[in-house]
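*Asks:* Quick one: structure below, then a few questions.
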Amino acid sequence: MRIRITFKVKNRGGLVPFHHQYLIAQVFKGLLLAEGDSAYKNYAFFSFSGIKGQTKLSRNGLHYNSRKVTIVVSSASREFMDHLVKLVLRADELSIGNLTIIPEIAEEEQAVVFKRETKYVCISPLVLLPPAFNDDSAKAFIPPETDEFSDLLYDSTITRMTEFGIDTSKIDEVQKFQLVPDAGYLQKIKSSGKKFARIYPVYDQDVKCEARGYTFPFTLFAAPEVQDFIFTCGLGSHCYKGFGMLDLAHSDPTARAVLYATKEQLVTA
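So the number in the working numbering is just where the residue sits in the sequence shown, counting from 1, plus 6.
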């Protein structure tokens with residue numbers, strides 16, 4: 007289940023860091039803790055995007071100049087999504103960095119029917135290895151075209167599916183899993199001197215760690231059940247911190263969105 011939440015920008019021009027998922031994670035965590043439902047305080051089977059809107063780049067980050075912005079939130083659990091989205095919509099306003107936003111409406115993206123081959127784009131960085139304090143192993147660069155890259159993602163995906171309660175042994179050819187990066191895109195990025203892999207901060211109980219994240223389009227060959235799980239719960243490590251969120255390549259998600267709830271509906275309920 008994927009939900010697009012639209013917010014009104016209270017202070018246009020507000021500044022947030024280039025990578026600000028950790029700030030959104032803190033906001034979501036705060037809402038879940040304040041509400042008091044112990045079942046979801048440490049829930050890990052969801053992911054979310056950064057703030058989407060018209061921006062102006064500066065040396066310090068992104069200035070949001072649009073009147074409205076969106077954040078996409080996704081999970082395999084409808085119960086969790088119902089819970090979190092209601093908390094967000096009922097909030098008077100949220101502060102992310104120096105940007106203050108007011109929740110207005112939530113729209114649900116219609117379900118996708120997956121096949122064994124799907125083309126994706128990363129709307130938040132893929133992290134292969136879980137970072138740890140005073141340990142640089144998660145910052146190592148692993149070429150996306152290697153088997154090691156795919157194997158690490160496969161292992162983490164199967165582990166997360168099992169922890170979620172899915173019996174992966176019943177999935178036909180579940181072991182067939184291969185990520186193939188868009189070679190043309192990688193070559194173009196390298197030729198232009200830009201980067202598709204960077205070091206990102208990851209915060210765990212207020213402890214700052216670092217991990218390498220990758221952002222590039224790719225084709226994934228995997229069982230449809232696996233495709234569905236990563237589309238709703240993210241791919242890789244620390245998805246609940248805002249990493250590993252994907253979208254379909256050459257697709258307009260707004261075209262497949264339907265009304266889920268409005269702020270007025272929840273506040274007056």
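Cβ atoms here follow ideal geometry from the backbone N, Cα and C, with glycine treated the same way.
Note that the structure is a prediction, hence the values are computed from the model and not measured.
Should R166 be labelled buried (16 or more other beta-carbon atoms within 10 Å of its own) or exposed?
*Replies:* Buried.
*Asks:* Could you have a look at L134 and say whether DSSP puts it in helix, strand or coil?
*Replies:* Three-state DSSP puts L134 in coil, outside helix and strand.
*Asks:* Cβ atoms of I77 and F54: under 8 Å apart, would you say?
*Replies:* In this structure, I77 lies closer than 8 Å to F54 by Cβ.
*Asks:* Less than 8 Å separating the beta-carbons of L276 and L21?
*Replies:* Beyond the ends of the chain as shown, which are 7 and 275, falls residue 276; an answer cannot be given.
*Asks:* Compare the beta carbon distance of A217 and Y209 with 8 Å and say whether it is the shorter of the two.
*Replies:* No, Cβ-Cβ distance for A217 and Y209 is not below 8 Å.
*Asks:* Distance check for A146 and N140, CA to CA, integer angstroms please.
*Replies:* Roughly 14 Å separates the two Cα atoms.
*Asks:* Rounded to whole angstroms, what's the CA-CA distance from F270 to E110? Just pull it up for me.
*Replies:* Checking the sequence, you will find Glu at residue 270 rather than Phe. Roughly 8 Å between the two C-alpha positions.
*Asks:* Closest to H69 by C-alpha separation, out of S162, T238, G103, would be which residue?
*Replies:* Cα-wise, what sits closest to H69 is G103.
*Asks:* With I164 and T174 assumed to form a contact (beta carbons below 8 Å), what rounded beta-carbon distance in angstroms separates them?
*Replies:* With 8 Å as the limit, I164 and T174 qualify as a contact, their Cβ atoms being about 5 Å apart.
*Asks:* When you compare only the Cα positions, how much space is there between A261 and D253?
*Replies:* Straight-line Cα distance between these residues: approximately 13 Å.
*Asks:* List the residues that DSSP assigns as beta-bridge partners of K214.
*Replies:* Per DSSP, Y209.
*Asks:* Have a look at S101, E113, G190 and flag the residue whose alpha-carbon is nearest the alpha-carbon of K92.
*Replies:* The option with the nearest alpha carbon to K92 is E113.
*Asks:* Cβ atoms of F237 and L132: under 8 Å apart, would you say?
*Replies:* The answer is no: Cβ separation not under 8 Å.
*Asks:* Looking only at C-alpha atoms, which of V180, L185, K14 sits nearest to I57?
*Replies:* Per the Cα distances, K14.
*Asks:* Between the Cα of L294 and those of H89, G171, P23, F224, spot the shortest distance and give me the residue it belongs to.
*Replies:* No answer is possible for residue 294: it lies beyond the span of the chain, which begins at 7 and ends at 275.
*Asks:* Can you tell me whether DSSP reads K16 as helix, strand or coil?
*Replies:* Coil.
*Asks:* Let me confirm a value: P187 is counted as buried when at least 16 other C-beta atoms fall within 10 Å, else exposed. Which label applies?
*Replies:* Under this definition P187 is a buried residue.
*Asks:* Please classify E247 as buried or exposed, where buried requires at least 16 other C-beta atoms within 10 Å of its C-beta.
*Replies:* Note that residue 247 is Lys in the sequence shown here, rather than Glu. With 16 or more other Cβ atoms within 10 Å, it is buried.
*Asks:* Taking only three categories from DSSP, how would you classify G219?
*Replies:* Three-state result, G219: strand.
*Asks:* Between the Cα of I30 and the Cα atoms of R73, L90, Q193, which residue gives the shortest distance?
*Replies:* It is L90.
*Asks:* Rounding to the nearest angstrom, what Cα-Cα distance links C128 and T221 in this structure?
*Replies:* Roughly 6 Å separates the two Cα atoms.
*Asks:* Buried or exposed for H25, going by 16 or more other Cβ atoms inside 10 Å?
*Replies:* Buried is the call here.
*Asks:* Please state whether DSSP places A263 in a helix, a strand or coil.
*Replies:* Here A263 sits in strand by DSSP.
*Asks:* Got a sec? Which residues, its chain only, sit under 8 Å from K74 by beta carbon, not counting five neighbours each side?
*Replies:* Correct list, in chain order: T12, F13, K14, V15, G59, E110.
*Asks:* Taking the alpha-carbon positions, what's the H256 to F224 distance?
*Replies:* Near 12 Å, if we compare the C-alpha coordinates of F224 and H256.
*Asks:* On the DSSP letters alone, give me the boundaries of the alpha helix (DSSP H) that Q27 sits inside.
*Replies:* Start and end: 27-41.
*Asks:* Check F147 in the structure and name its three-state DSSP category.
*Replies:* Here F147 sits in coil by DSSP.
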